[in-house]
Structure formats: structure tokens, C-alpha cells
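Working notes, beginning with the structure itself.
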Amino acid sequence: MTPTLTAPLAAFVDALPVPRRLIVDEHDGRLTVRMRAATHRFHRDLPESRVWGYGGTVPGPTIEAERRQPVTVEWRNDLDASLPVIDTVAPAAVDADGVPVQCLPGLSGGAPNEQAGALAGYTVVHLHGGLTPASYDGWAENLFAPGQHAVFHYPMDQRAALLWYHDHAMGVTKFDVYAGLAGLWIIRDERERELELPEGPPFELPLLIQDRNFDLDEQGRLTGRLVHKTDPGVMEAFAPFTVVNGKVWPVLDVLPATYRFRLLNGSNARTYRLVLLRDGKSELHRISQIGTDHGLLRSAARVPSGGLVLAAAERADVLVDFSELGPGSELTVFNTAAAPFDGSAFPAADAADAADLDGLLPYPQVMRFRVVDGAVTRRTIPRELATDYEPGSPALVGAPRRAIALVERELDGGPNMLTMRELAIAADDHPGPLLTLTDEEKTTRYRVVASHFEDSTTFFPMLGEYEVWQLINLTEDTHPIHLHLDPFRILSRRAIRHEIPEDGIEDFEISASVTLGRGPDDELDHAIDDNELGLKDTIRVNPNEIVEIAVRFTTYAGRYMYHCHILEHEDRDMMRPFVTMPAELMAFMS
Ligand SMILES: [Cu+2]
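Quick note: the sequence shown uses our numbering, first residue 1007, plus one each step.
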């Protein structure tokens, strides 16, 4: 029998909080948001936690803007206390009973990381999903210290979507976001209003899902102090308690009506595969997904039969129909994704039993909906949603192609190093290590031209021109890859197998042979879900997989970043720059 843990907190006792709304129209397009040290109660039975929050709240206020109505935000860094998170690496991956330490609260014998504890609040704000000029995009190294402020202008010339703003500080994003520096940002437009979609509470609610862990006192009671814990085997923090809009396992009373939920996975590392259960049966048929990262899909998509997968930073806009359910009906959201996530399947009907200590998923519950008595209102979903993009892929004949290998390098005496190796075609007489990519008869030979964030920039996309980026995953985990600036479309997701010789992964170079086609032990289907066919800014690249995306950068020239959105990866070098260029300047680039 699989051992299970008894939860030290009661589930479904706190009402789902709705973050304060900051409607830009009511503020003449100008907002001031103060980052402040504050306290926050994550659960009825927990003491207050020290946090850092936008506006002093966790999550920050939900900013609601209108398309083509620019927003100016003065981001005031008023953080006047040290990092409210204890960072630690537990000395062993499991405790004396064999339970993985990441499933448990407390430090598990780890020493507090003093350098992290001494961090003052260096911050920089990034609006994830924003079509934002480079100066205001939140370059990770352009930090603001406490007492320093930034005024960022957001043109908002982009389609309606759920965006989010969060900290992006170089090397410490994982701490700053974990401390609470994240909030939602909704853009609305005419097309959504034509469709008469719910707008604002009670029928439109954001669900920001994160995982958090807390310290224990000497008596073994939870203190509320935030703990970011990793272990010698796993460099990402996968915390045991799932928090929605700042509360652990909350409950929401719903009317027998259609609700619109704006979901975001704002976790550091954890991927969720969300299943809705009632009386032990999957109720996923009640959910229609109408939008993804960058807004409306062309038509509503059914949730995949295994559940709605959201890796870090992915969003979903869903309609959930509670209309013919009687008062007292309870529907519970479970997560069935083990961590680190590798794409492996899990039957939705078994979601209530998805607890998996080895999979760092001690408590699969996420939240609950409880139907209360009230007027029945049901919405039909319009057949045609978005009309501003065509199905299928854009014309890509002659489009520049870029190849990036996702690589994990083991290091003695420290956490692994994850990098994105930018590749260029190698000359025939290239003497160094090569990555070869074989597709049937054709083999392409690549050399690495950049590996670490501070290596030379090699990507100079031309504004307005489509490019194809190939993301080749040579690691054993799924990485959600995020591009700043414009959204992209997924073109293909294909199985690969790869061989890397001993010591083939060096600090910069890599030797590997990659072949298109499924390996004998590969159980993933490498399929593209219907809900991934919209406009995305974060795409999952599973193990043994190559994903191709088509991206066209527009509007703003400048220096931007792309990176894995697992924050522990992003902070440990899974991030690279690119510079968008106007065509007429290309001739002058030496
Ligand atoms: Cu990653």
C-alpha cells in the first residue's frame, strides 16, 4: 500500500478570496502599486505569514485594463524588511520514515540559507504576456532596490487575455515570487463583450494556483513562516500545500449557473493536471476552455480526458456549468500531476487517490465548489469565439529557423545547472563537439553558440517576420518555455530519442545524437492538446520531445528574454536574451 500523509490543515474551510480589482478606467490610466512587506494568513488555522506583496497583498490586486488604452504604472519598491522566506536545502531527500522531505513542512534538518535570509528586496516587474516596449519589459538585471521606483508604460495594444505581473529579478525570482510578488492583469476588448462573456465577480473569478510550504515550531506545529525547500536530489521546490488566490485548499459557494474562471499556474515549479470530481466521478464535461495564454481560442475546446494541464505560467479561460446541480452538490478540483512533471498520464476518475509521495504530491486536493440555492442561469457558448487568427500554421516558407537544446548538467557538490544551448549549423570541418539531429535520411550537424545567460546574444529576430524555433528537450522533465513580447503558435510536437556520451555535456559544448522517432521506453503520446492550438506564450516541452513553434515579433525593437518558467531553472541559467530588430537596421549590424 502506498503510504499517505494526514494533512495538518483542514481542507475546504476557507472561502476562496477574490483579489482586489484595480480597474484602470477608474484611475485615468495611471496606477501606483507599492511593493510592501506585509502579513497574510494562508489558512484559518495558520498563524500569519510574513510576505512581500504588490499593494501588500497576496496575490496582488487584479489590474483590469482595456485594449488600446495605455496604462502607466508607478511600481514603488517600498520593501523595508528582509526576504520573508526561509530557503533551505535538506541534507537528505527523505526523512527517517522514508517520506520525501519536500512533502513535509519544516526545514527537515536543513540550515537556513543565510545569504537568502539577508536579501533586501531587489525587484523588477515583468508583465507576463504583455506586448511591452523593451524598456518597460522588466529586464532581469535592471533591478530596483528598496526606496527606488520605476514608472512603466504599457501600451495595451493587444487582444483581451489574462496576463500576470510578477517579479523577475536576476537569480532570485524564485524567492521574490514565492514571497508573494505576483498578481493578475486582465485585458478586455470588444470581441469578448460581443460574446457576452461574464465580466467580473460573481460569475467571472480568477484562480491563481500556487504551492507553498511552512516552517514548524519546536512542538512541531506549523508557524506560517514561508519555507522554500529543496533536497539533494531535486533542485526545484515542490511545496505540499496548494494555495488558490492565497488560501490553502479553499471552498467557493457557487450558484447553479455558468461561471468563468481565469486560471493561472503561478507556482515556482509545479505542473498541475486539474480534474473536477463529484461523488467519485469525473465532471470534466462541465468545463469548456474558451481561451489560453493570449486570449480566446477560435472555438471552445473540451478539456483533455486526463485533465487540464497547466505548467508554470500557463493560463486557461474556462466556462464551468453548475446550472443543473442541486443545492449541496460538491465538486472538488484535484491535481493528478506528479512532480517533477514528465508528462506521464494518470486516470482522471482516480484523481481523489492521486496522492503520491514519491511524486511529491502528498495532497492532491486543490479547491472545492459547493452549489448553493439560487436562480439558475445557464449560458450557451457561442460556436465561434476568436475571429482574428486563422487555424493551422502561418506561411513559413523561407522562415528563419532556430534550434535550442534544453540541457541539464550534473555538477559535483551543487544543484544541477540547466541551460538552453543555442545551436548553429556547424561547418563541415568543425573540429569540436557536435549535436546531430537526424530526421529520416537527413542529418543536421549543430555546434553550440551560446549556453549561459551572459554569453553573446545570437538571436536577432527581424520585426514582422515569422521564425520557427525548435526546442529540443534532452532532459528528463517537462520545461514550460516562455518567450517575452509576442505570442506564438505551436507547429508540432514530435518524439525524439537521444544519446549523449559520458561527459558529453560540458559547460558550453555538448555532444549528442538526436533522432526523430519514438524510443522503445517512451510512453508519452507527444500530442498537441486542442487547447494548445491558440495563441500561446508558454509551451510545455516534454522529455524525449522536440517542439516547434512559429513566432513573429512585432512592434518593439529591443532586448528581451526567453526562458524556462520553472523559476528554479530560470534562476539557474535556463534563460537567454534575444534582440528584436527593425529590418532596415539589419544592414548596419556588423
Ligand atoms: Cu525548466
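The beta carbon of each residue, even a glycine, is placed where N, CA and C say it ideally should be.
Everything numeric in this text was worked out from a predicted model, so none of it was measured.
Relative to the Cα of Trp1170, the nearest Cα in the group Ala1319, Pro1406 and Pro1467 belongs to Ala1319.
Proximity of the region 1505-1523 to the region 1381-1391 falls short of the contact definition, fewer than three beta-carbon pairs being nearer than 8 Å. The set of residues whose C-beta lies within less than 6 Å of a heavy atom of ligand 1 reads, in chain order, Leu1424, His1485, Cys1570, Ile1572, His1575 and Met1580. Taking a 10 Å sphere around the C-beta of Leu1011, we find fewer than 16 other C-beta atoms and assign the residue as exposed. Within the same chain, and ignoring the five residues on either side of Tyr1184 in sequence, the residues whose Cβ sits closer than 7 Å to its Cβ are Val1091, Leu1232, His1234 and Asn1274. Comparing alpha-carbon positions, the option among Leu1125, Ala1126, Ala1099 and Asp1163 lying closest to Leu1113 turns out to be Ala1099. In the three-state reduction of the DSSP assignment, Gly1153 falls in the coil class, being assigned neither a helical nor a strand state. Bounds of the alpha helix (DSSP H) holding Ala1122 are Glu1120 to Gly1123. Here Arg1582 is buried. Its C-beta has 16 or more other C-beta atoms within 10 Å.
For the region 1066-1133, the continuous beta strand (DSSP E) assignments of 3+ residues that do not extend past its boundaries occur at 1068-1072, 1077-1083 and 1091-1095, in sequence order.
Between Ala1563 and Met1580, the CB-CB gap reaches or exceeds 8 Å. Below 8 Å, enough C-beta pairs join the region 1080-1097 and the region 1146-1155 to call them touching: three or more. Three or more Cβ pairs drawn from the region 1453-1466 and the region 1421-1435 lie within less than 8 Å of each other, which places the two stretches in contact. Nearest Cα to Leu1270 within the set Ile1192, Phe1347, Asp1327 and Gly1206: Ile1192. Taking a C-beta distance under 8 Å as the contact criterion, Gly1540 and Thr1277 do not qualify as a contact pair. With respect to Thr1236, Ala1245 sits apart: the two C-beta atoms are not nearer than 8 Å. For Val1183, the enclosing alpha helix (DSSP H) has its first and last residue at Thr1179 to Tyr1184. Contact between the region 1204-1212 and the region 1175-1183 is absent: fewer than three C-beta pairs spanning the two stretches fall below 8 Å. By the C-beta density criterion, Ala1087 is exposed, having fewer than 16 other C-beta atoms within 10 angstroms.
In this structure the region 1159-1175 lies against the region 1131-1144, because at least three pairs of beta carbons, one per stretch, are closer than 8 Å.
The residues Arg1284, Arg1374, Phe1375, Arg1376 and Val1377, in chain order, have a CB closer than 8 Å to that of Glu1336 in the same chain once the five nearest residues on each side in sequence are set aside. Shown here, Leu1290 sits in a helix according to DSSP, grouped into three states.
In this structure, DSSP gives Tyr1278 an extended state, which the three-state scheme calls strand. Here Pro1346 is near Val1240, since their CB atoms are less than 8 Å apart. The region 1179-1229 contains, as complete beta strand (DSSP E) runs of 3+ residues, the segments 1188-1194, 1210-1218 and 1220-1222 (chain order).
Comparing alpha-carbon positions, the option among Met1567, Leu1149, Thr1129 and Leu1089 lying closest to Gly1123 turns out to be Leu1089.
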